[in-house]
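First up is the structure itself, then whatever we jot down about it.
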Amino acid sequence: MRAVRAYSGRQFVFAVCLSALLGWLYFVLPLWIQQGPGRLAIAALVGIPIALAVCWIFVAPFLWLLMARPVGWRLAARSGFIIALLMAIAGIVLARIQGWRAAHEVNSYFQMGGGDHAREIDGMLTPYGWLMTAWESLLFVLAGTVAALIVRAIIGRGRRPEPEVPEVEPEAR
12 MRAVRAYSGR QFVFAVCLSA LLGWLYFVLP LWIQQGPGRL AIAALVGIPI
62 ALAVCWIFVA PFLWLLMARP VGWRLAARSG FIIALLMAIA GIVLARIQGW
112 RAAHEVNSYF QMGGGDHARE IDGMLTPYGW LMTAWESLLF VLAGTVAALI
162 VRAIIGRGRR PEPEVPEVEP EAR
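Per the numbering used here, residue 12 is the first one in the sequence shown, and the count goes up by one each step.
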């Protein structure tokens, strides 16, 4: 017998798509505040498919496991925190591997930022670069936690599965 899940398939799809939209908003909101709504259409055209792909590849497996049972507020916040933290760590590791490869390239030189605000020189982060990486990661993890709470608020707690009662066969007389 198939186990009854706390959330329907439709709710699962909605949760993943809502997570993608909230993730897209996290990156687009600063652009919209700085440059106005003029670039919002192009940001949506490019960013929403990327956000959907990232959420379906990385977030959906976690949500599938999580949504098997009802999700309370604490579990939603903790799960959003952990998923965003894992994504931030993966991003940092990939960027540092790329920086390490660039640092060993003898025929190139580059610098991100200038003066006291140089973030990266020849692929290696400066102390200021590490500080900014930590700050941006913290904001990303907090945004992931808030996004999980928003998804939980919209979708709800889920239904508690009915306890399975074994069928009793009538006694033969």
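Idealized CB from N, CA, C, for every residue including glycine. The structure displayed is predicted, hence computed values, not measured ones.
- With 16 or more other Cβ atoms from the protein chains shown falling within 10 Å of its own Cβ, S30 counts as buried.
- Between A129 and E147, the alpha-carbon positions lie close to 16 Å from each other.
- The C-beta of Y120 has fewer than 16 other C-beta atoms within 10 Å across all chains shown, which makes the residue exposed.
- Relative to the Cα of A62, the nearest Cα in the group I44, R168, G102, F38 belongs to F38.
- As the crow flies, the alpha-carbon of I44 is around 44 Å from that of V15.
- Collapsing the DSSP output to three states places E182 in coil.
- Looking at S19, A145, L32, the one whose alpha-carbon comes closest to that of V65 is L32.
- Burial check for E131: the Cβ neighbour count within 10 Å reaches 16 or more, so the residue is buried.
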